[in-house]
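A.B. asks: Have a look at the structure that comes next, please.
Residue numbers (UniProt numbering): 1 to 635.
Below, the structure written as structure tokens:
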């Protein structure tokens, strides 16, 4: 068969213009009929938006677009997926069966990252002899140019194959938002997507392994924690939290001495109200070379900013040989998302249950924690010296602990602990302050989509908040509080009136607020001189921390208070002690935060939530006794 070749001169409007030449080669294979039956292949050196079809065959025509294709109400989304496989040299394959008008859109949802993406479309009715339809290169997809694609006009139903090449090679992490998302829209009665999955080439199949650098060539490791463990003994546990991506790394400063048995355990969960799941564990003695790194890898298809928990445990017999261990934790640098997020202090890290929604609103509760809208907390600065800047970090951890317990209470009234005052500074949960001055009445039923701010106060109990609301500071003489104090009682809802009673308004004498006093000590606590005692709650008013034997650290490992050789996670300790302050006793189940030892205390579990619900509803009395949190379960 004779093949004719000629050159075509085009502008962005499809007209001939010799002064602005952008040309390619077109190969035309004559068939029985005219132009509609020609297979046209256009190879352009740069990307060009055309209003006319650039490729046609007897069965399909292909037209490129920038942004989104023109909306057609008769078309529906029949396939949508994130393409993990494509690189500059290897394609992601998606097989599709259908006909008529088909919109194929490629999108990269990034803030700054961009890379070229190439799309090839083939008719695949005969897999041995596929028919080429078109190939389009979309330059610098991402950021301010997030979407592009093609509109296909396919005569009759055909099998098709879409091949996507991504010069970005998965970006910094090999996960969203750097990956390309493919969406196919067609007529639902005709379009039949057929998955053509390919094994993820850039990720471990899961679990732990030993590596000597980043798992992916494009990745850059970012240090998120640096820890030193001293005075180790059997059962010693380090616990650290951090946000990360699919991969998390742990590197020892130097190999362990022979006979030192330490295990690193890696846990993860999505950012929300779920329990942590153990991903893997690795014997750190296997890191025998100076450049060896322990790698933990998730295998989920879609990873959106997971929360990691890392535990380093001294196994039986290991403490005799490992007196001092230092290590660093790394994640893959993620300029688009994770690097801007501090690891560990998010309330979701400390709530290990399913979503707590009830669909009802509690109007009365018996215990003070469950019904009082304002809590006053004092930090006794005279009892000890906090590290520079530590006071603000401790305040934030107190607020995180209160937010977690507030969320955990399923039988508390709407207004409970809407405000917290720490050393004279007023904090409001979410937008509660603004909600209280709205003139609309508070709803008594579950919140609805589109409701104004005030009715969403009950969403704090209805399970509609993810992530958990946190406390925000209000400035002195805040205009919202001033307005609340000045408004006539007839303008306020019963909840707003009750809250105003507890705020220090000029014309009102507030009742005694709920109170908690945090006392960091450089001496023994009220609970005794046992060096295993980390903290003490003696009277449902005071919380004492033992800085004599422990160094309390923040969520990034920074020292906050104490001179002891052992390290204690401040956030976990505060969460535990506030549980006692509420009225909860010790438990011995799983990884509940109310465990009697820091060795096992992790997060608020179902048992703690059930106990809190019974106390708040009056079915049980608060535990009113002295409680000591010990380092080990059986010292």
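By construction, the Cβ of each residue, glycine as well, lies at the ideal position given by its N, Cα and C atoms.
(1) Could you name the residues of the same chain whose beta carbon sits closer than 8 Å to that of residue 586, not counting the 5 residues immediately before and after it, in chain order?
(2) What is the DSSP secondary structure of residue 369, reduced to helix, strand or coil?
(3) Excluding the 5 residues preceding and the 5 following residue 527 in the sequence, name in chain order all residues of the same chain whose CB lies nearer than 8 Å to its CB.
(4) How about residue 328 and residue 254: are their beta carbons less than 7 Å apart?
(5) Any contact between the segment 384-391 and the segment 399-415? By contact I mean 3 or more CB pairs, one from each, below 8 Å.
(6) So, does the segment 94-105 touch the segment 68-84, judging by three or more C-beta pairs under 8 Å?
(7) Any idea what DSSP makes of residue 107, helix, strand or coil?
(8) Going by CA-CA distance only, name the one from 552, 241, 519 and 411 that's closest to residue 610.
(9) Examine chain B for any beta-carbon lying closer than 7 Å to the beta-carbon of residue 280, and answer yes or no.
(10) Short check: CB of residue 368 to CB of residue 321, under 7 Å?
(11) Tell me whether residue 611 sits in a helix, a strand or coil according to DSSP, three-state version.
(12) Residue 502 lies in the alpha helix (DSSP H); which residues open and close that run?
(13) For the segment 285-294 against the segment 209-216, are there 3 or more C-beta pairs whose distance is under 8 Å?
(14) Give the DSSP-derived three-state secondary structure of residue 626 in the structure shown.
(15) Quick check on residue 476: buried or exposed, where buried means 16 or more other Cβ atoms within 10 Å of its Cβ?
(16) Pick out the complete beta strand (DSSP E) segments inside the segment 365-427, 3 residues or longer, and give them in chain order.
(17) What are the boundary residues of the alpha helix (DSSP H) that residue 480 is part of?
(18) For residue 234 and residue 314, I'd like the C-alpha separation in whole angstroms.
(19) Can you tell me whether residue 324 is buried or exposed? The criterion is at least 16 other CB atoms within 10 Å of its CB, across all chains shown.
(20) With a threshold of 6 Å on Cβ separation, who are the neighbours of residue 69 within its own chain once the five nearest residues in sequence on each side are excluded?
(21) Which value, in whole angstroms, describes the spacing of the CA atoms of residue 579 and residue 66?
(22) Where does residue 620 fall in DSSP's three states?
(23) What does the Cβ neighbour count give for residue 220, buried or exposed, with the cut at 16 atoms within 10 Å?
(24) Three or more C-beta pairs under 8 Å: does that hold for the segment 515-527 against the segment 605-620?
(25) Where residue 261 and residue 282 are concerned, what is the direct C-alpha to C-alpha distance, given to the nearest angstrom?
(26) In or out: residue 568 buried (at least 16 other Cβ within 10 Å) or exposed?
(27) Check residue 579 in the structure and name its three-state DSSP category.
(28) Do residue 331 and residue 424 have their beta-carbon atoms positioned less than 7 Å apart in this structure?
(29) Which residue's Cα is closest to the Cα of residue 352: 74, 170 and 274?
(30) May I ask which residues mark the beginning and end of the beta strand (DSSP E) holding residue 296?
(31) Check each candidate in 117, 479, 326 and 591 and name the one with the smallest Cα separation from residue 557.
(32) Please confirm whether any heavy atom of the ligand FMN lies closer than 6 Å to the CB of residue 105.
(33) Is it buried or exposed, residue 631, if we count other Cβ atoms within 10 angstroms and call 16 or more buried?
(34) Residue 66 bridges to which residues according to DSSP?
(35) Please list, in chain order, all residues of the same chain as residue 285 whose beta carbon is under 6 Å from its beta carbon, the five residues on each side excluded.
(36) Would you list the one or two residues that DSSP bridges to residue 276?
C.D. replies: Here's the rundown:
(1) Working through the chain shown from its first residue, we reach residue 586 at position 586. 594, 595, 596 and 627, listed in sequence order.
(2) What you label residue 369 is simply residue 369 of the chain shown in a count that begins at 1. The answer is helix: DSSP assigns residue 369 an H, G or I state.
(3) On the chain shown, position 527 is the one that residue 527 refers to. 533, 536, 538, 544, 626, 627 and 628.
(4) For the purposes of this step, residue 328 is taken as residue 328 along the chain shown, with counting starting at 1. For the purposes of this step, residue 254 is taken as residue 254 along the chain shown, with counting starting at 1. The answer is no: Cβ separation not under 7 Å.
(5) no
(6) yes
(7) Locating residue 107 in the chain shown gives position 107, where the first residue counts as 1. DSSP places residue 107 in strand when its eight states are reduced to three.
(8) Position 610 of the chain shown holds residue 610. Among 552, 241, 519 and 411, the Cα nearest to that of residue 610 belongs to 411.
(9) Any reference to chain B falls outside this structure, which holds one protein chain only.
(10) As a first step, residue 368 must be located in the chain shown, where it is residue number 368. As a first step, residue 321 must be located in the chain shown, where it is residue number 321. No, they are not a contact pair.
(11) Here the question's residue 611 lines up with position 611 in the chain shown. In the structure shown, residue 611 sits in a helix (DSSP, three-state: H, G or I).
(12) Numbered from its first residue, the chain shown carries residue 502 at position 502. Counting along the chain, the alpha helix (DSSP H) containing residue 502 begins and ends at 494-502.
(13) yes
(14) The residue labelled residue 626 in the question sits at position 626 within the chain shown. If DSSP states are grouped into helix, strand and coil, residue 626 belongs with coil.
(15) Indexing the chain shown from 1 puts residue 476 at position 476. Label assigned to residue 476: exposed.
(16) 374-379 and 419-422
(17) Taking the first residue of the chain shown as 1, we reach residue 480 at position 480. Its alpha helix (DSSP H) spans residues 479-486.
(18) Taking the first residue of the chain shown as 1, we reach residue 234 at position 234. Taking the first residue of the chain shown as 1, we reach residue 314 at position 314. The straight-line gap from Cα to Cα measures roughly 5 Å.
(19) Start at 1 with the first residue of the chain shown, and residue 324 comes out as number 324. Flag for residue 324 reads exposed.
(20) On the chain shown, residue 69 is found 69 positions in, with the first residue counted as 1. Closer than 6 Å at the Cβ level, and outside the excluded window around residue 69, lie 103 and 151.
(21) Taking the chain shown and counting its residues from 1, one reaches residue 579 at position 579. Taking the chain shown and counting its residues from 1, one reaches residue 66 at position 66. About 56 Å.
(22) Translated into the one-based positions of the chain shown, residue 620 becomes position 620. Looking at residue 620 - three-state DSSP - the assignment turns out to be coil, as it is neither helix nor strand.
(23) Against the chain shown, residue 220 aligns to sequence position 220. With fewer than 16 other Cβ atoms within 10 Å, it is exposed.
(24) no
(25) For the purposes of this step, residue 261 is taken as the residue at position 261 of the chain shown. For the purposes of this step, residue 282 is taken as the residue at position 282 of the chain shown. Computed Cα separation, rounded: 11 Å.
(26) For the purposes of this step, residue 568 is taken as residue 568 along the chain shown, with counting starting at 1. Buried, since its Cβ has 16 or more Cβ neighbours within 10 Å.
(27) Position 579 of the chain shown holds residue 579. DSSP places residue 579 in helix when its eight states are reduced to three.
(28) Walking along the chain shown from the start, residue 424 turns up at place 424. Walking along the chain shown from the start, residue 331 turns up at place 331. Contact flag unset, no.
(29) Numbered from 1 along the chain shown, position 352 holds the residue referred to as residue 352. It is 274 whose Cα lies nearest to the Cα of residue 352.
(30) The sequence position of residue 296 within the chain shown is 296, counting from 1. Looking at the DSSP string, the run of the beta strand (DSSP E) that includes residue 296 is 293-297.
(31) On the chain shown, position 557 is the one that residue 557 refers to. Nearest option by C-alpha distance: 326.
(32) As far as ligands go, the structure on display features none, and thus does not contain the ligand FMN.
(33) In the chain shown, residue 631 corresponds to position 631, counting from 1. Its Cβ being crowded by 16 or more others within 10 Å, residue 631 is buried.
(34) Against the chain shown, residue 66 aligns to sequence position 66. Answer by DSSP bridge pairing, in chain order: 148.
(35) Here residue 285 refers to the residue found at position 285 of the chain shown. Counting only Cβ-Cβ distances below 6 Å, and skipping sequence neighbours, we find 256.
(36) By 1-based counting over the chain shown, the position of residue 276 is 276. The partner list for residue 276 (beta bridge, DSSP) is empty, contrary to what the question assumes.
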